[in-house]
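Engineer:
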Amino acid sequence: MGTIQAGDVVCVIPCAGKGTRMQPLTYTRPKPLLPVCNRPIIGHILEAVAGTGITQACLVVSPDHGQLDDYLQDNTPCGLRVESVVQDEPKGLGHAVLCAREFVGKAPFIVYLGDSLYGDQIKQFVERFVSGWPKGLLRLQEVAEPQHYGVAMLDEDGRVRRGVEKSKEFVSDLAITGMYGFRWSFFCTLARTMPGEGGEIQITDAIQEVLEEEPGVWGEVYEGLWADCGRPSQFLAANAELLGELVGAVDPTAEVIGPPPGSQVRIGPDSLVHNTTFRGSVLVGRGCRLTNATISGPCSINDEAVIADSVVHNAIIDERARIQGFRGGVWDSIVGIDAELRNDGGNGSLSGAVVGDGSCVRLG
Ligand code: G1P
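Under my numbering, the residue at position 266 of the sequence shown is numbered 262, and the numbers go up by one with no gaps.
#1: Cβ of E201 within 7 Å of any heavy atom in the ligand G1P?
#2: When you measure from the CB of Q320 to every non-hydrogen atom of the ligand G1P, does any distance come out below 7 Å?
#3: Which class does D299 belong to by DSSP, given the choice of helix, strand or coil?
#4: Given the structure, does Q198 come close to the ligand G1P, in the sense that its CB is under 7 Å from one of the ligand's heavy atoms?
#5: For the structure I just gave you, are there three or more beta carbon pairs, one from the region 124 to 141 and one from the region 21 to 33, closer than 8 Å?
#6: Within 10 Å of its beta-carbon, does R262 have 16 or more other beta-carbons around it, so buried, or fewer, so exposed?
#7: For the ligand G1P, any of its heavy atoms closer than 7 Å to the Cβ of T273?
#8: Would you kindly report the start and end of the unbroken beta strand (DSSP E) that includes L136?
#9: From P255 to R17, what does the alpha carbon distance come to, in whole angstroms?
#10: Skipping 5 residues on each side, what residues in its chain have a beta carbon closer than 6 Å to that of A289?
#11: In three-state terms, what does DSSP make of G3?
#12: Would you check whether the ligand G1P has a heavy atom nearer than 7 Å to the C-beta of S112?
#13: Go ahead and pull the three-state DSSP assignment for C33.
#14: Roughly how many whole angstroms lie between the Cα atoms of G195 and G88?
#15: Taking 7 Å as the cut-off, is the CB of V21 close to at least one heavy atom of the ligand G1P?
#16: What does DSSP give as the partner residues of A223 in its beta bridges?
#17: When the Cα atoms are used, what is the spatial distance from N310 to G258?
#18: How far does the alpha helix (DSSP H) with L385 in it reach, from first residue to last?
#19: Checking the sheet assignment: what are the DSSP bridge partners for N339?
#20: Report the rounded CA-to-CA distance for M(-3) versus G90, giving the unit in angstroms.
#21: By the 10 Å Cβ neighbour count, where 16 or more other Cβ atoms means buried, how is G15 classified, buried or exposed?
#22: Shorter than 7 Å, the distance from the beta carbon of G146 to the closest heavy atom of the ligand G1P, or not?
#23: First and last residue of the beta strand (DSSP E) that includes Y108?
#24: On the DSSP bridge list, what partners appear for L150?
Following this line, the structure appears as structure tokens:
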């Protein structure tokens, strides 16, 4: 087998999951459109994929995929061809990957789960996959709670000996993070993999089948930033991690009256900031209005959001959300597009809230 290059590799991005752990936000939009640092997670993923030299990506979407299509229309990075294939029924991640079989053809492919972000923009992984050209390559990371993940057991050379999906018994603390590289023959294995719990076909089970035939799947133990955006707390953690790299700046069209924002605060075009104190890393989008507020990072505030007479700490505030009168604070929360939080009488606070798009919360 000759060598391959990144341009020969196709990227498959499963995006059809219901995102139940991110409800109510996922009642109104697919999880890959939820923002980390004011940008949909799928935007971060496509940029990373394009940066590796891969030129073709296939999104596996649910039948209700209009919003993702709209996003792709305006936001597909240069040099990347992105197509969608529909997964009609939720039959698991393995089945989602099988849906991309025709698109991939006989090309080598990577699978990039639509809710994972990596600090190295997946460059190392793709380089290792194309240079080693193994039968399979899995990006792994040591985790504290392996029972929530597929895990891999490695031998001393880094070959995968065993793969188990969400095992209650301890097998390994190396989680399969959601980045895989395979040759096209993996589709044949997936096609004969029996569904597991909940009738779902799992990639991990198919990997175990490959291993039972012959070794040749390798693990890449990755120690860099991996943000698995499955649950609200993980979204906030991912947001915090990415904000850690934020370089402060105030757009020349923004207006700041009051204390100057610190070096880790970025304020976007046309935003108005009056009498507002910032702490830590804060990203403010375009056209926001912040008045008499304390914004304590990590915090990202998306375009046209309005915050008045409130304290906000460790939060993702999405487009056009309005927060008024929360002097006691909005803590560790995610507030959806067009949501409204009002506290007209006093020191009310919210902690750990996930407020759906367009929802209204009023404290008296
Ligand atoms: C999926 C995979 C699991 C992997 C995890 C990474 O699980 O089935 O093997 O460890 O992604 O996030 P899910 O998060 O869909 O339950």
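Each residue gets a CB set at the ideal place from its N, CA and C atoms; glycine is no exception. Fair warning: this is a prediction, and the values are worked out from it, not measured in the lab.
Structural biologist: In this structure, then:
#1: According to the sequence provided, residue 201 is Asp. The question's Glu does not apply to it. It does not: the Cβ of D201 is nowhere closer than 7 Å to a heavy atom of the ligand G1P.
#2: Answer for Q320: no, Cβ out of range of the ligand G1P.
#3: D299: coil per DSSP, three-state reduction.
#4: Yes; taking the cut-off as 7 Å, the Cβ of Q198 has a heavy atom of the ligand G1P nearer than that.
#5: Too few Cβ pairs lie closer than 8 Å, so no.
#6: Burial call: buried.
#7: No, the Cβ of T273 stays beyond 7 Å of every heavy atom of the ligand G1P.
#8: Unbroken beta strand (DSSP E) run through L136: 132 to 138.
#9: A straight-line Cα-Cα distance of about 39 Å links P255 and R17.
#10: Cβ within range, chain order: T272, I303, S306.
#11: Residue state, collapsed to three classes: helix.
#12: At least one heavy atom of the ligand G1P lies closer than 7 Å to the C-beta of S112.
#13: Per DSSP, reduced to three states, the secondary structure at C33 is coil, with no helix or strand assignment.
#14: G195 and G88: Cα-Cα distance of roughly 8 Å.
#15: The amino acid at residue 21 is misidentified as Val; the sequence shows Leu. No, since every heavy atom of the ligand G1P falls outside the 7 Å radius drawn around the Cβ of L21.
#16: Here A223 is bridged, per DSSP, to L113.
#17: So the alpha carbons of these two residues sit roughly 17 Å apart.
#18: Only positions -3 to 360 of the chain appear in this structure, which leaves residue 385 out of reach.
#19: N339 has L359 as its beta-bridge partners, per DSSP.
#20: Legend: pLDDT at M(-3) = 49, less than 50; position of this residue unreliable, no value from coordinates given.
#21: With 16 or more other Cβ atoms within 10 Å, it is buried.
#22: Indeed, a heavy atom of the ligand G1P lies less than 7 Å from the Cβ.
#23: Taken as a continuous stretch (DSSP letters only), the beta strand (DSSP E) holding Y108 covers 105 to 108.
#24: Per the DSSP secondary-structure output, L150 pairs in a beta bridge with V156.
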